[in-house]
Every structure is written in C-alpha cells, then in structure tokens.
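Under the working numbering, think of the first position of the sequence shown as 260, with each following residue one higher.
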Amino acid sequence: AAINRQINLELHASYIYLSMSSYFERDDVALAHVAEFFADGWREELRHAERLQELMATRGGRLTLQHIQKPGRDAWGNGLEVMERALELQKTINQGLLDLYNLASAKQDPHLCIFLKTHFLNQQVHIIKELGDFVTNLQRLGVPGSGQGQYLFDRLSPL
Numbered sequence: 260a261a262i263n264r265q266i267n268l269e270l271h272a273s274y275i276y277l278s279m280s281s282y283f284e285r286d287d288v289a290l291a292h293v294a295e296f297f298a299d300g301w302r303e304e305l306r307h308a309e310r311l312q313e314l315m316a317t318r319g320g321r322l323t324l325q326h327i328q329k330p331g332r333d334a335w336g337n338g339l340e341v342m343e344r345a346l347e348l349q350k351t352i353n354q355g356l357l358d359l360y361n362l363a364s365a366k367q368d369p370h371l372c373i374f375l376k377t378h379f380l381n382q383q384v385h386i387i388k389e390l391g392d393f394v395t396n397l398q399r400l401g402v403p404g405s406g407q408g409q410y411l412f413d414r415l416s417p418l
C-alpha cells in the first residue's frame, strides 16, 4: 500500500508539471525555457512512477491506481508562484519517500532501502536545492512585480 501511495503521488506530480509546462508554453506567457523545465519534470515524475511500479511487480505486488486529481488551477500566475508550488510539491514527494524508507527500515527491508536511496532520495535533495535557488533568484529579479525579471530568468537561468 505504501509503494502504491508513492506511485500515485508521483503520477499526481507529473500531472501538475504537465499543466505548468502547458501554461508557460501559451502565447500570452511565452517562457519557453521554464516550459521545458516543467516538461522535463513531467517526464521525470512519470519515470519515477514507472520505476516504482516495476519494483512492485518484481516483488509480486499489485498496482492500485487512484484517480489523479486535476491541478487546482489552469493559469499558474507568475514564475515565482509556480516555482514555490513546485518546491512544495517536491518536499511532499520527498516526505513520502522518507516515510516509505522509514517503513522499509522498520520492516528490515534493505533491498527497498537501497533502491530508494539509489534511485530517489539523493535526486530529491538536488531538485529541492535547485528549486529553492530558482525561488531565490526570481525574488532577486523582482518577481512577481517584474515581467522583465521573469523574462530574464527564463533566458539566463540554467533551466
């Protein structure tokens, strides 16, 4: 059940990232690099869900999919709001992974612990740091008050 919850959380995150990417691709927003960053996030979260599902199948588990809730909005506002939302989303995913790791540790399941460390937990540290840096840089550029700040972030950041 715990791995199923994490798979569904990863799928939910992919859905949110797809929505964010589509928003930034719109002609009235037009921040192509930010759109591509979130498209990469969408694909990455799908890969995470798939990797967890493969692990579960290998171990004889059964996937139980839940309904994927539509993101709470279609228009995401400015880049700062979106990066803050993405940061919170990644922290939620990280907490789910930590909970799963702690459960595996308590159940003395070293295979799952190593799997989570190798394929997920180390990567989570990097993405949370990256998103935190993006939030800081957007704030320095005067976003949300500056459309020019968003443009510069899109053009100059290593997205």
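The beta carbon of each residue, even a glycine, is placed where N, CA and C say it ideally should be. For clarity, every value in this text was computed on a predicted model and none was experimentally measured.
Simplified DSSP state of Gly319, which is helix, strand or coil: coil
For Gln325, three-class secondary structure by DSSP: coil
Inside the segment 309–393 only - alpha helix (DSSP H) runs reaching at least 4 residues: 338–365 and 369–375
Return helix, strand or coil for Gly300, following the three-state DSSP convention. helix
Check the C-beta distance from Gln383 over to Asn353 and give it rounded, since I have them as a contact under 8 Å. 4 Å
Span of the alpha helix (DSSP H), counted from its first residue to its last, around Ser273: Ala261 to Glu284
When you compare only the Cα positions, how much space is there between Gln398 and Val341? 12 Å
Assuming Leu411 is part of the alpha helix (DSSP H), what are its boundary residues? Gly406 to Leu415
In terms of alpha-carbon separation, which member of Leu268, Asp392, Gln407 and Pro417 lies closest to Gln252? Lying outside 260 to 418, the shown extent of the chain, residue 252 is not represented and no answer is given.
6 Å CB neighbourhood of Gln325 in its chain, flanking five on each side removed: Asn267
Report the CB separation of Tyr276 from Gly300 in whole angstroms; it is logged as a contact under 8 Å. 4 Å
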